[in-house]
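Number of protein chains: 2
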Amino acid sequence: MKARVTVTLKPGVLDPQGRAIHHALNGLGFDGVEGVRQGKVIELDLADGTPTAAIEDMARKLLANTVIETFRVETL
Amino acid sequence: MKARVTVTLKPGVLDPQGRAIHHALNGLGFDGVEGVRQGKVIELDLADGTPTAAIEDMARKLLANTVIETFRVETL
Numbered sequence: 006m007k008a009r010v011t012v013t014l015k016p017g018v019l020d021p022q023g024r025a026i027h028h029a030l031n032g033l034g035f036d037g038v039e040g041v042r043q044g045k046v047i048e049l050d051l052a053d054g055t056p057t058a059a060i061e062d063m064a065r066k067l068l069a070n071t072v073i074e075t076f077r078v079e080t081l
Numbered sequence: 006m007k008a009r010v011t012v013t014l015k016p017g018v019l020d021p022q023g024r025a026i027h028h029a030l031n032g033l034g035f036d037g038v039e040g041v042r043q044g045k046v047i048e049l050d051l052a053d054g055t056p057t058a059a060i061e062d063m064a065r066k067l068l069a070n071t072v073i074e075t076f077r078v079e080t081l
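Listed in order, the protein sequences are those of chains V and G. This note's numbering puts the first sequence at residues 6 to 81. This note's numbering puts the second sequence at residues 6 to 81.
Quick look at the structure:
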């Protein structure tokens, strides 16, 4: 089975990478960009029947820094 | 309007970060992990009415290295 964990910074946490992308997009002439936030997406190939709770556990223990990041689990 | 660009490595491209995560998950005792691929997700706040073609252009010119990465655009 496949699962996807999307990890993004919590609102209010400074996102220097997002700022850099925003600045670069403006520099390339893309108008109308009001904000940019960058996160991670981790695609997992798992044994069939792996419970969502186990995937959330992986996210809490390794994939996300839960102090400054939130995560979302999707099973595909 | 909001859009999300998901950038992932093309199949066959070596993913050392994914390998490192896979190794760490096994080390933490998570069995049943058969493969891990890591990518980026960029969330954009855009002026209303920004066409998808412009977002794809941003992805081609900046957000993704189209030699080794593919991207997917979602308008939210």
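The C-beta atom is built at its ideal place from N, Cα and C for all residues, glycine as well.
Legend entry - DSSP three-state assignment for residue 14(V), whether helix, strand or coil: In this structure, residue 14(V) counts as strand in the three-state DSSP scheme.
Legend entry - Chain-order list of residues whose beta-carbon lies under 8 Å from that of residue 63(V) (same chain, five-residue window excluded): Excluding sequence neighbours, residue 63(V) sits near 10, 49.
Inset, instruction - Output yes if chain G places a C-beta closer than 7 Å to the C-beta of residue 77(V); else output no. - result: It does not; no Cβ of chain G falls within 7 Å.
Legend entry - Which listed residue (78(V), 26(V), 18(V)) has its alpha carbon closest to that of residue 68(G): Considering only 78(V), 26(V), 18(V), the residue with the shortest C-alpha distance to residue 68(G) is 26(V).
Legend entry - Per-residue contacts from residue 29(V) into chain G (C-beta, under 8 Å): Within 8 Å Cβ-Cβ: 67.
Inset, instruction - Could you spell out the range, first to last residue, of the alpha helix (DSSP H) harbouring residue 30(V)? - result: Residue 30(V) -> alpha helix (DSSP H) spans 21–32.
Inset, instruction - Specify the secondary structure class of residue 67(V) as computed by DSSP and reduced to three states. - result: In the three-state reduction of the DSSP assignment, residue 67(V) falls in the helix class, which pools H, G and I.
Inset, instruction - On the DSSP bridge assignment, give the partners of residue 80(V) in chain order. - result: The secondary-structure analysis by DSSP pairs residue 80(V) across a beta bridge with 8(V).
Legend entry - Local conformation of residue 50(V) per DSSP, three classes: In the structure shown, residue 50(V) sits in a strand (DSSP, three-state: E or B).
Legend entry - Where residue 45(G) meets chain V, residues with beta-carbon distance less than 8 Å: The contacting residues are 43, 44, 45, 46.
Inset, instruction - Check whether the Cβ atoms of residue 41(G) and residue 23(G) lie closer than 7 Å to each other. - result: If you check the CB distance, residue 41(G) and residue 23(G) come in under 7 Å.
Legend entry - Members of the region 53–65 of chain G that neighbour chain V once the beta carbon cut-off is set at 8 Å: Sequence-ordered contacts of the region 53–65 of chain G with chain V read 55, 59, 62, 63 [C-beta pairs closer than 8 Å].
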